[in-house]
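The opening residue of the sequence shown carries number 16 in this note's numbering; numbering runs sequentially from there. Just so it is clear, CB atoms sit at the ideal spot from N, CA and C, and this is done for glycine as well. This one's a predicted model, so the numbers in the text were calculated from it and none came from an experiment. Data first, discussion second: the structure below is written as structure tokens.
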Amino acid sequence: MSRYAIGKSFAFSASHQLPGLPEGHQCGRLHGHNYTVEVELEAETLEFPGFVTDFGDLAPFKAYLDATFDHRHLNDVLDEPPTSERLAAHLATWLERELLPQVGGRLVSVRVSETPTSWAKFSPSPGGGS
Ligand SMILES: Nc1nc2c(c(=O)[nH]1)N=C([C@H](O)[C@H](O)COP(=O)(O)OP(=O)(O)OP(=O)(O)O)CN2
Ligand SMILES: [Zn+2]
């Protein structure tokens with residue numbers, strides 16, 4: 016079956032520190048990143064005038080990132096060590112619970128980058144939520 020897909024990128028800046036890593040690991044130290052979050056949605060059919068969903072419908076996600084993550088210490092925000100993988104899973108869960116019931120399209124993935132050279136992606140199980 017043919018599918019359309021759209022993506023939108025978001026950004027925030029935050030600090031973190033990953034516990035339990037070997038002595039001397041750079042990520043065990045307090046440090047920060049300019050994070051990038053990329054959301055991909057898909058649909059078999061388009062909504063008028065030809066959208067999977069209006070990019071503007073994702074504005075509440077930007078508001079959530081700004082209010083909850085931007086210029087925060089991520090260890091204080093998540094209950095588990097704030098790796099890119101866990102951030103991606105957390106954000107996918109939020110999107111599926113809080114936003115996607117009201118907008119068009121299905122969540123394909125959330126991809127989180129801490130640096131220009133690395134990323135982690137979370138893809139919810141088809142039909143099974145996060
Ligand atoms: N699988 C993961 N590995 C690492 C994570 C992660 O979230 N998931 N996080 C870190 C650190 O947060 C680190 O700050 C980022 O790592 P890295 O990409 O290695 O950063 P560099 O600036 O050193 O990147 P270079 O491109 O190699 O200079 C570590 N690992
Ligand atoms: Zn880091």
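Going by C-alpha to C-alpha distance, which of LEU102, SER140, PRO139, PRO141 sits closest to ALA29? As a first step, residue 29 must be located in the sequence shown, where it is residue number 14. Out of LEU102, SER140, PRO139, PRO141, LEU102 has the C-alpha closest to the C-alpha of ALA29.
Other residues of its chain near ASP72: CB distance less than 6 Å, five sequence neighbours each side excluded: The residue you call residue 72 lines up with position 57 of the sequence shown. Result list for ASP72: VAL118, in chain order.
GLY120 to GLU57, Cα distance in whole Å? By one-based count along the sequence shown, residue 120 stands at place 105. By one-based count along the sequence shown, residue 57 stands at place 42. Between GLY120 and GLU57, the C-alpha separation is close to 5 Å.
Compute the minimum distance between the beta carbon of SER99 and the heavy atoms of ligand 1, and state whether it is under 6 Å. Within the sequence shown, residue 99 is the residue found at index 84, counting from 1. Checking every heavy atom of ligand 1 against the Cβ of SER99, one is found closer than 6 Å.
How would you write the range of the alpha helix (DSSP H) that HIS105 sits in, first residue to last? The residue you call residue 105 lines up with position 90 of the sequence shown. Where HIS105 is concerned, the enclosing alpha helix (DSSP H) stretches over 99 to 109.
Reduced DSSP secondary structure (H/G/I, E/B, other) of PHE27: Numbered from its first residue, the sequence shown carries residue 27 at position 12. Correct three-state label for PHE27: strand.
Pull up the CB-CB distance for GLY43 and LEU33, whole angstroms please, since I reckon it's below 8 Å. Start at 1 with the first residue of the sequence shown, and residue 43 comes out as number 28. Start at 1 with the first residue of the sequence shown, and residue 33 comes out as number 18. Contact flag correct, Cβ pair sits at about 6 Å.
Count the other CB atoms within 10 Å of the CB of ARG112; is the residue buried (16 or more) or exposed (fewer)? One-based indexing of the sequence shown puts residue 112 at position 97. Under this definition ARG112 is an exposed residue.
Assuming LEU80 and PHE25 are in contact, meaning their beta carbons sit under 8 Å apart, how far apart are those beta carbons, in whole angstroms? Along the sequence shown, one-based indexing puts residue 80 at 65. Along the sequence shown, one-based indexing puts residue 25 at 10. 5 Å between Cβ atoms; contact.
For THR68, does the three-state DSSP call read helix, strand or coil? Here residue 68 refers to the residue found at position 53 of the sequence shown. Note: THR68 maps to coil in three-state DSSP.
Express the C-alpha separation of SER138 and ALA74 in angstroms, rounding to a whole number. Counting from 1 along the sequence shown, the entry for residue 74 is found at position 59. Counting from 1 along the sequence shown, the entry for residue 138 is found at position 123. The alpha-carbon atoms of ALA74 and SER138 are separated by roughly 21 Å.
Within 7 Å, strictly: CB atoms of GLY22 and GLU53: Against the sequence shown, residue 22 aligns to sequence position 7. Against the sequence shown, residue 53 aligns to sequence position 38. The answer is yes: Cβ separation under 7 Å.
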